[in-house]
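What follows is one structure encoded as structure tokens, with my remarks underneath.
Numbering (UniProt numbering), first residue to last: 1 to 55.
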């Protein structure tokens, strides 16, 4: 919630359940440069995310 814009605890739990039951979830969509910043912030906090995809 600290690094992803618009994230709140209810949405975070919904995404957690989606990953648990479906294997994946889209958390945020936006420009690659911004996604790379979020990736760095999450990594520094000890969190992981799937590789960035180029559409």
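Backbone N, C-alpha and C fix where the C-beta goes; we use that ideal spot for every residue, glycine too.
These numbers were taken from a predicted model, which means no experiment stands behind them.
Check each candidate in the options and name the one with the smallest Cα separation from residue i.
i          : options           : result
residue 6  : 22, 27 and 34     : 27
residue 4  : 50, 24 and 29     : 29
residue 25 : 34, 15, 31 and 33 : 15
**Study point:** Runs of alpha helix (DSSP H) lying entirely within the UniProt domain "Adaptor protein ClpS core" (6 to 52), each at least 4 residues, in chain order
**Key:** Runs found: 9 to 22 and 32 to 44.
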